[in-house]
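This is how it looks when you write it as structure tokens:
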């Protein structure tokens, strides 16, 4: 952490974002598990500013509520009318000064729609500003194609910034410059307050431009400098959904590279998506077509995928999760999940548990070594250790009004096609017969049989389906007898 702690960071997030064509405010659109403004605020927090204020306007109720959930310490200031970036910054500073904040030190101004901007780059800007003794320092970037951007014009003698020239106003020589303005600045706080009071609105838009502050300070004899971002892609702003998708791709690539450098094997980065909030341990492996979202965690030597989507799910050491959707679940060490498994919120699988093909679980705790191999639904249940749940079993947890729980003990063996009608308890070491509907508690060590007796009605097909293929097959098989078997 640098000793140069900013007095404040101001985040501009009041714009409408009409090109997004969305009812959602632009800065609340998400990439890699965080809103656009959330990424910017997170980067700003790396600087540990004394104060952070977000300028809100369009959709301010939604933006303010979002910030309250994601960063309760962030302050907001309302720009009721979008009268320019200078106007927005002035409103933000007034929010601070009116509450007694003295802006002695650096003020960083950044944009709420630049999710690729890192805290390290903001720190570089802040440090350069302090070291060079600038009144204002522009974060700039050298881009392959500067068409449409404001050019940074420097004094060839000392490298200070003499102007920011918009593309339409630039000379041919200036248009050849590849260093552009990012819209992110570091200011001397007191000088910024003074200069904002001198910004005029006699321009084509009738707005207060923050960039005018640079000329005001330079004319007053103060130094204006620039710090060049290491990666020009960091300053990319989002104005439409095409740019949103491109930023998502770039950020995802960055997140996956960080994971791989930390020891995670990502078999196919082009088909793998990982949120910035995902954590992992070395030697985890992610197979193709997998999505890791929210507060998901991968333990060491775990394998996830292919075709898996995990949200807010922890995967224990050495567990294997294949073709699975899981939300809010806990998968224990060396557990085996999938393929084609759905783990819903509140599912907790112990060590070496198996949740097999076409199994759905919800709000259930499964003990160590227990197997639910296939074609079953386990909801609102607790199953002990080393039990086996037969195929096509259903834990009937809902009576139409309320949910009820089922308890199955340890070392139980339940038959295929069982229905456990909650609330019901199956004791330790008990068995249940295939095809049973269990409505009463089963004592430990007992066998529960809950099914009607089988009846075989001889000759039924010949009498009821004469001439059918079934009747012909039965006749060819030499069926005999006309008695009805009433035995079990």
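In the working numbering, the protein residues as written are 121 to 608. All residues carry an ideal CB built from backbone N, CA and C; glycine is no exception.
* What residue does the beta strand (DSSP E) around residue 592 start on, and which one ends it? -> Following the DSSP letters along the chain, one finds residue 592 in no beta strand (DSSP E) but inside the alpha helix (DSSP H) bounded by residues 589-596.
* For the segment 588-597 and the segment 554-563, state whether three or more C-beta atom pairs, one from each stretch, are separated by less than 8 Å. => no
* To do: Express the C-alpha separation of residue 365 and residue 395 in angstroms, rounding to a whole number.
  => 14 Å
* Asked: What's the C-alpha gap between residue 278 and residue 150?
  -> 42 Å
* For residue 409, collect the residues of the same chain with a Cβ closer than 7 Å to its Cβ; drop the 5 residues on either side in sequence, then sort them by chain order. => Counting only Cβ-Cβ distances below 7 Å, and skipping sequence neighbours, we find 391, 425, 426 and 427.
* Asked: Which of helix, strand or coil does DSSP assign to residue 367?
  -> helix
* Environment of residue 228 [buried if 16+ CB atoms lie within 10 Å] -> Buried, because 16 or more other Cβ atoms sit within 10 Å of the Cβ of residue 228.
* Asked: In whole angstroms, what is the alpha-carbon distance linking residue 307 and residue 405?
  -> 45 Å
* Could you check which residue in 589, 147, 423 and 524 has the C-alpha nearest to that of residue 360? => The option with the nearest alpha carbon to residue 360 is 147.
* Nearest to residue 397 by CA position, among 431, 389, 403 and 385, is which residue? -> 431
* To do: Go through its chain and collect everything with a Cβ distance to residue 336's Cβ below 6 Å, but skip five positions before and after it.
  => 315 and 318
* Asked: Is residue 381 helix, strand or coil when you go by DSSP?
  -> Annotated three-state conformation of residue 381 is helix, per DSSP.
* To do: Only counting runs of 3 or more residues, tell me where the beta strand (DSSP E) segments fall wholly within the segment 242-330, in order along the chain.
  => Positions of the beta strand (DSSP E) runs, each at least 3 residues long and wholly inside the segment 242-330, are given as 256-262, 271-274, 281-285 and 299-308 in order along the chain.
* Asked: Leaving out the 5 sequence neighbours to the left and right, which residues in its chain are closer than 8 Å to residue 470 when beta-carbon positions are compared?
  -> 452, 455, 485, 486, 487, 488, 489, 490 and 505
* **Residue interval of the beta strand (DSSP E) (run including residue 449)** => Neither: residue 449 is in no beta strand (DSSP E) and is coded neither H nor E.
* Whole angstroms is fine: what's the gap from residue 468's alpha carbon to residue 258's? => 51 Å
* Asked: Less than 8 Å separating the beta-carbons of residue 204 and residue 363?
  -> no
* Is the beta carbon of residue 232 sitting closer than 8 Å to the one on residue 344? -> no
* To do: With DSSP as the reference, please indicate the residues paired to residue 152 in a beta bridge.
  => Bridge partners of residue 152: none, in fact.
* To do: Along the alpha helix (DSSP H) that carries residue 195, what are the first and last residues, could you check?
  => Where residue 195 is concerned, there is no enclosing alpha helix (DSSP H), although the beta strand (DSSP E) around it starts and stops at 195-198.
* Beta-bridge partners of residue 435, as assigned by DSSP -> 418 and 451
* Would you call residue 219 buried or exposed, if buried means 16 or more other Cβ atoms sit within 10 Å of its Cβ? -> exposed
* Does the beta-carbon distance from residue 463 to residue 478 come in below 8 Å? -> Contact flag unset, no.
* Looking at residue 517 and residue 499, is the spacing between their C-beta atoms short of 8 Å? -> yes
* Identify which residue in 183, 347 and 420 has its Cα closest to the Cα of residue 281. => 347
* If you drop the 5 nearest sequence neighbours on each side, which residues of the same chain put their C-beta closer than 6 Å to that of residue 386? -> 376, 380, 392 and 406
* CB-CB length for residue 550 against residue 532, believed under 8 Å -> 5 Å
* Distance CB(residue 286)-CB(residue 207) smaller than 8 Å -> no
* Which whole-angstrom value describes the C-beta separation of residue 371 and residue 235, a residue pair presumed to lie in contact below a C-beta threshold of 8 Å? -> 6 Å
* Can you tell me the Cβ-Cβ gap for residue 170 and residue 128, rounded? I've got them flagged as a contact below 8 Å. => 6 Å
* Per DSSP, which residues does residue 411 bridge with? Please list them. => 393 and 429
* Asked: To the nearest whole angstrom, what separates the beta carbons of residue 164 and residue 242, a pair I think is in contact under 8 Å?
  -> Their Cβ separation, rounded to whole angstroms, is 6 Å, which keeps residue 164 and residue 242 in contact under 8 Å.
* **Span of the beta strand (DSSP E) around residue 131** => 128-133
* Which residue comes first and which comes last in the beta strand (DSSP E) that contains residue 229? -> 226-231
* To do: Alpha carbon to alpha carbon, how far is residue 198 from residue 211? Give it in angstroms, no decimals.
  => 7 Å
* Local Cβ density within 10 Å of residue 354, reported as buried at 16 or more and exposed below that -> buried
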